Each structure stands twice: as C-alpha cells, then as structure tokens.
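Number of protein chains: 2
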Amino acid sequence: MSLIVIGTLAYDTVETSFEKRENVLGGSATHCAVAASRFVKPRLVTVVGNDFKEEHVEALRGCGINLDGLEVADGKTFRWGGRYEPDWNTRHTTFTELNVLGDFDPKLPDSYRDSNFVFLANAVPAIQMKALSQVDKPEFVMADTMNLWIEVARDDLLQLLTRIDAIILNDEEARMLTGENNLIRAASQVLDMGPRYVVLKKGEHGAFIMGKDVHFSLPSYPVVEVLDPTGAGDSFAGGFMGHLAKTGNAKPETLRKAMLYGTVTASFCVQGFGIEQLQTRALADIESRVQELLSIVTL
Amino acid sequence: MSLIVIGTLAYDTVETSFEKRENVLGGSATHCAVAASRFVKPRLVTVVGNDFKEEHVEALRGCGINLDGLEVADGKTFRWGGRYEPDWNTRHTTFTELNVLGDFDPKLPDSYRDSNFVFLANAVPAIQMKALSQVDKPEFVMADTMNLWIEVARDDLLQLLTRIDAIILNDEEARMLTGENNLIRAASQVLDMGPRYVVLKKGEHGAFIMGKDVHFSLPSYPVVEVLDPTGAGDSFAGGFMGHLAKTGNAKPETLRKAMLYGTVTASFCVQGFGIEQLQTRALADIESRVQELLSIVTL
Numbered sequence: 011m012s013l014i015v016i017g018t019l020a021y022d023t024v025e026t027s028f029e030k031r032e033n034v035l036g037g038s039a040t041h042c043a044v045a046a047s048r049f050v051k052p053r054l055v056t057v058v059g060n061d062f063k064e065e066h067v068e069a070l071r072g073c074g075i076n077l078d079g080l081e082v083a084d085g086k087t088f089r090w091g092g093r094y095e096p097d098w099n100t101r102h103t104t105f106t107e108l109n110v111l112g113d114f115d116p117k118l119p120d121s122y123r124d125s126n127f128v129f130l131a132n133a134v135p136a137i138q139m140k141a142l143s144q145v146d147k148p149e150f151v152m153a154d155t156m157n158l159w160i161e162v163a164r165d166d167l168l169q170l171l172t173r174i175d176a177i178i179l180n181d182e183e184a185r186m187l188t189g190e191n192n193l194i195r196a197a198s199q200v201l202d203m204g205p206r207y208v209v210l211k212k213g214e215h216g217a218f219i220m221g222k223d224v225h226f227s228l229p230s231y232p233v234v235e236v237l238d239p240t241g242a243g244d245s246f247a248g249g250f251m252g253h254l255a256k257t258g259n260a261k262p263e264t265l266r267k268a269m270l271y272g273t274v275t276a277s278f279c280v281q282g283f284g285i286e287q288l289q290t291r292a293l294a295d296i297e298s299r300v301q302e303l304l305s306i307v308t309l
Numbered sequence: 011m012s013l014i015v016i017g018t019l020a021y022d023t024v025e026t027s028f029e030k031r032e033n034v035l036g037g038s039a040t041h042c043a044v045a046a047s048r049f050v051k052p053r054l055v056t057v058v059g060n061d062f063k064e065e066h067v068e069a070l071r072g073c074g075i076n077l078d079g080l081e082v083a084d085g086k087t088f089r090w091g092g093r094y095e096p097d098w099n100t101r102h103t104t105f106t107e108l109n110v111l112g113d114f115d116p117k118l119p120d121s122y123r124d125s126n127f128v129f130l131a132n133a134v135p136a137i138q139m140k141a142l143s144q145v146d147k148p149e150f151v152m153a154d155t156m157n158l159w160i161e162v163a164r165d166d167l168l169q170l171l172t173r174i175d176a177i178i179l180n181d182e183e184a185r186m187l188t189g190e191n192n193l194i195r196a197a198s199q200v201l202d203m204g205p206r207y208v209v210l211k212k213g214e215h216g217a218f219i220m221g222k223d224v225h226f227s228l229p230s231y232p233v234v235e236v237l238d239p240t241g242a243g244d245s246f247a248g249g250f251m252g253h254l255a256k257t258g259n260a261k262p263e264t265l266r267k268a269m270l271y272g273t274v275t276a277s278f279c280v281q282g283f284g285i286e287q288l289q290t291r292a293l294a295d296i297e298s299r300v301q302e303l304l305s306i307v308t309l
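First to last, the protein sequences are chains A and B. One rule links them: number in the working numbering = place in the first sequence (from 1) + 10. One rule links them: number in the working numbering = place in the second sequence (from 1) + 10.
Right, here's the structure in full:
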C-alpha cells in the first residue's frame, strides 16, 4: 500500500565530540522517507531551494522514493546546525535558517491523494493539518511534533491530535505536552487528547507504543558505536510506517512488529551521518537485525 | 536450593516530593532478602544494633527469612537518609550513620556454609570477599557494589570481580567502573574484568544481562505511581537470585527468566516505602505481573 511522507528537507551541520560535518543531507521527511524506502516506495512532499544539489535528488530517487511532490522554490534550502554533548543525550541547536521552508505550503500532487498511510513529519501543526486534508481517505495517519509547537501552537496541535491515528513523541515532548513526569501516565493522557495510539521514544532506552488494544515496549538495538543521532526518531517513524504500508494494515500485531522495524532502522541511522548508512541497507539487513533484536528480547 | 544474602540492614529516613518517613526498615540485604523470600527461604547475614526492634525481627521472620546469621551488636543500627528529586532519578544522601556497621565482620553460621546461591549485597569489597570465602562450594555468586567502592577500593573490587559469577551494576556505576559511556561497551569491559555475567540496571528504563551465552534486555514494568525507589535495585537482585535458587540452576534460560522476576519484584518495591509492598505479596502476585510484563514485551 502507498505511504506518503510530508515534512522538511534540510542541509544539516552536525558536530559531535569526534567530528564535524557540513551540509549533510537531512531533514525530518528525508530521514523518514529513506528509512521507509527500505520497505515501500514512499511518496515525498517537501520543499527545497534552487541550491539543492542534483546528486541529492539522485540519492533520494536511487532509494526508490517518489519525488513528484518535491517542490523546488526560489531561494536556499532549509539549513540546521546541531551539536551533541559527549553523552549524546543533550543536543544544542547551533543555528536555524528556515530559507524556503518559511513559506512551505505543501501541495500534494493529484497522484498522491489516494495515499493509504500518512506520516506527517515534524512541522507547524497547521501545515500538517493542511497537508492531511489533501489526502482523500487515509487509513492510518501518524504525526510527529516538537517542543516548539507544544509551546507556541498548542491549540493547533490539540486539534491535530483529534484527526490522527497516532502521535510519535520523545520522552521530553510527552512530558511537556501533558505536564506529567511519569511516562506511562503521560502516554495515557496523550491518548485522552484524541489519537488511538501514542508511540513514545526514549532514545537509547528504547520505545513503547500504547493504545486501547496494544501496549508493547522495546529496548533500543544495542549500537556499540554512535556516529550521529540526528534523524534517529524520523528513521524510527520511517521503519514503523514502512512496515505498516508494506503489510497493508495497522492491526495490533502489525503495530507491535512495526516497533521492531522502527527500532532497527533507527539503529542503522545513528551509525552514520545523515542517510549514509540507511541508504546502503537492504530490507534483508534490517530483517537480520530484527532477528537479532528479537533474540535479545525474547525469553 | 539455598540462597544466602549478605549485606546491610538499616533504618532509613526517606524524603520524596510527597512524603517523609523516618526509621523505615531498609538496607541492601533486607530488601534483597525480602524479595528473595517470595521464592525461597533465604539465609540472611547482617548486623543490627541493640536498638533493633522486635517487630522488625518478626517482620523478617514472618517473610520466611532464616535469621541465624543476624548478629546483634552493642550500639545503634546503621542509619541512612536520602532525598529524591521530583523526577526520582536524582537522589541525595542526607546523612549516613554507620554505627554497628562500622565494625561489620560477617561470620557465617556453620549451617549457612553449604549455601548454593550467594548474593553479596553492596558492602566494602574486602568484606564481601571475606564473607564469600566462608561459603564452601557456591554454585552461583552475584555481587553488588557502589560508586564509593569503585573510587576508594578499586583494587579490592577488581579482585572480587574475578571470584564471582555475576556483578549487578546500575548505569552510573558501570560507566564509572569502565570510563565508558556506551553501556553495551561498558558491559563488555566489565566482562573482561572477570565475571561471566553483568546485570546492568537502568532504573525506570529497565535492565539487561550480558555474558558469553546470554544477552537479554527488558524494559521496566510500567509502574504508574512510585512512592519510594529505595531498595529497587536490591529487590531486583532478590527476585533474580530468588528465581535462580528456586529453579536450582543458572542456565542461560533461567537467567533470562530471572531478569523478569527481578524486574517485577523491583516494581513492587517502588510502590511502597521499605519492604511494605513486597512483604505483603505472594509469589502468585509476582507471577501475575510477570505475565503482564511478558504481554508487553512479546510480539
């Protein structure tokens, strides 16, 4: 079944304790779409500037991503810079240049309107809703968000929460959205806000999904060497949604398995900068690591 | 099979964001023995002062704990005070009064020398070794430690590590012992120091066990209301060792299951002050929660 991914594309400047890289192909939709492209041929909706390099268009196309929804606007591509503390858990945003993203007004190509599975990557909630309204009959919609929108666009976000099937949050976002420190209680409160499911990511500590008919928790895949955590959450979402779209349903058992695929795609993501690891991996690599993860979590 | 627990008994003063309790029956060996007593009749080796209350002797005996190794020394029982930050993850020690613990020199009753399973709760490593040397032919020995001994008694601790089967550490201790931030790498390095297994506790984020023939990871049981985390790690150890002793072996499959029992006993511990929750729970309660946890971690 078809999966559409709507969100940002960025050139990232990433500093870790070991290395600094500039103009790394990144952005929420990029990471998600590349991860999902290991499962299906995702449809991408995003905007880039006319400085966007042809080699990057080719990299995305080479992943099997449908680029009909890639808008090239006059101006520069969105740029973001981040620096990680040695413990990887603390990230400082060093700069943000919205550029063409400032006027992002997603228009879905007609050929995308019949998409079954929808991922609304992190963006202004009003923009996420506008994009969603252009999908005719979505079967399963998951959205991401961030601390900024929880603070400055809370009403829109609450409205969005009533229109989607699942929200994916990290621990900090869940706590900020609910004012609840205990993550199980926070997840319950998020469910009360509308979505049927909440996927709660805890970084190196794994993730869980909670809803009326499912509660499943996983540790993260044990990565020995992290190179760059940027995009891990979006890669998780890509693996998760990719598995749903490939399977063609969002039944509880499919959602559980999707958590495994999300966890494993995220583990590949952090082992390289940008999409460099995931774009070289086949579904077979992912399946192999899923089996390994299963061996670690199964009695 | 028989389990022996060697460690401290304390009167704790615990402050949380919600409540303060004084002279709560606690201590590493107490928490461990009470948790283990849900599985077998553990043998306890510890020291108390002559202020130790008869009602607390009765409480421990009521749990089915063998108290032949309970030494009553002239002086006051060890006292410890701690205060938790609202997020539960940060604990401040408010005071420590060693009292009779200062001269603790564990002497095992002859009837304890044939113990099969041994838990050396947190204590001076030299004392732990001295106690261990009094067990004739232990089948499986697990030890706990703390940041203080890693700093001030490192050589003794390294010696201890070559004499035991398993070490149980929290994330902070594992990082301090190895100087390695990545917990998987830290665990590998601990294994290089001698023990066959390392059990690594991550508080609310669960725990994993790693060794040559086993690698198993679990999230924590989703506790909605924490009252007092004191003793959670020792209760984990008690459930873990209790299951091994009850099963009578330390095969990889038994170690995996022991992780479940450790996780669940710890979850009961944090729902009350001191031993008040665990002492009222039967093995059936634990089994029921183990099944619940399994449903959350099984595909």
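Built from N, CA and C at the ideal position, the CB exists for glycine as well. Just so it is clear, the structure is predicted and the values come from calculations on it, not from any experiment.
Is it a yes or a no for the stretch 238-257 of chain A touching the stretch 134-148 of chain A, going by three-plus beta-carbon pairs under 8 Å? no
Contact set for A197/A: own chain, Cβ-Cβ below 7 Å, skip 5 residues either direction: A184, V208, L210 and M220
To be precise: take each residue of the stretch 205-238 of chain B, compare its Cβ to all Cβ atoms of chain A, and keep it if any distance is under 8 Å. Which residues remain? K212, E214, H215, G216, F218, H225, F226, S227, L228, P229, P232, V233, V234, E235 and V236
Residue range of the alpha helix (DSSP H) that A163/A falls in? Per DSSP, A163/A belongs to no alpha helix (DSSP H) and is neither H nor E.
At the 8 Å Cβ level, is V57/A part of the contact set with chain B, yes or no? no
Cutoff 8 Å: I137/A Cβ touching any chain B Cβ: no
Give me the Cβ distance between S38/B and A255/B, rounded to the nearest whole Å; I'm assuming they're in contact under 8 Å. Incorrect: roughly 18 Å between the Cβ atoms, too far for contact.
Kindly say whether L130/B, judged by its beta-carbon, lies nearer than 8 Å to any beta-carbon of chain A. no
Would you mind reading off the limits of the alpha helix (DSSP H) that contains T40/B? S38 to A46
Spatially closest choice to P116/B from L80/B, R89/B and G249/B, by CA coordinates: L80/B
In terms of residues, what are the limits of the alpha helix (DSSP H) holding N194/A? Contrary to the premise, residue 194/A reads as Ile rather than Asn in this sequence. First-last of the alpha helix (DSSP H) with I194/A: L193 to D202.
For A217/A and C73/B, what's the separation of their Cα atoms in angstroms? 37 Å
Proximity test, Cβ basis, 8 Å: N96/B and chain A: It is Pro, not Asn, that sits at residue 96/B in the sequence shown. So yes, P96/B belongs to the interface.
Per-residue burial, P96/A [other beta carbons within 10 Å of its own, 16 or more giving buried]: exposed
Pick from V58/B, L288/B and V224/B: whose alpha carbon is nearest that of A242/B? L288/B
For a test of the three-state rule: what should DSSP assign to K63/A, helix, strand or coil? coil
Going by the beta-carbon positions, is the gap between H41/B and G248/B smaller than 8 Å? yes
Would I261/B pass as an interface residue toward chain A - the criterion being a Cβ-Cβ separation below 8 Å? For clarity, residue 261/B is Lys in the given sequence; the question names Ile instead. Not one chain A Cβ lies under 8 Å of K261/B.
Beta carbon of A46/A nearer than 8 Å to that of M251/A: yes
Could you check what DSSP says for M156/B in three-state terms: helix, strand or coil? coil
At least 3 beta-carbon pairs within less than 8 Å: the stretch 289-308 of chain A vs the stretch 23-35 of chain B: no
Buried or exposed for V224/B, please, with buried defined as at least 16 other CB atoms from any protein chain shown within 10 angstroms of its CB. buried
Chain B beta carbons: is any one of them nearer than 8 Å to that of V307/A? yes
Beta-bridge partners of L7/B, as assigned by DSSP: Since the first residue of chain B shown is 11 and the last is 309, residue 7/B is not available in this structure.
What does the alpha-carbon distance come out to for the pair M156/B and L118/A? 58 Å
Under the three-state DSSP convention, the category D78/B falls into: strand
By the three-class DSSP mapping on this structure, what secondary structure does Y271/A have? helix
Quick check on K140/A - is its C-beta less than 8 Å from some C-beta in chain B? no
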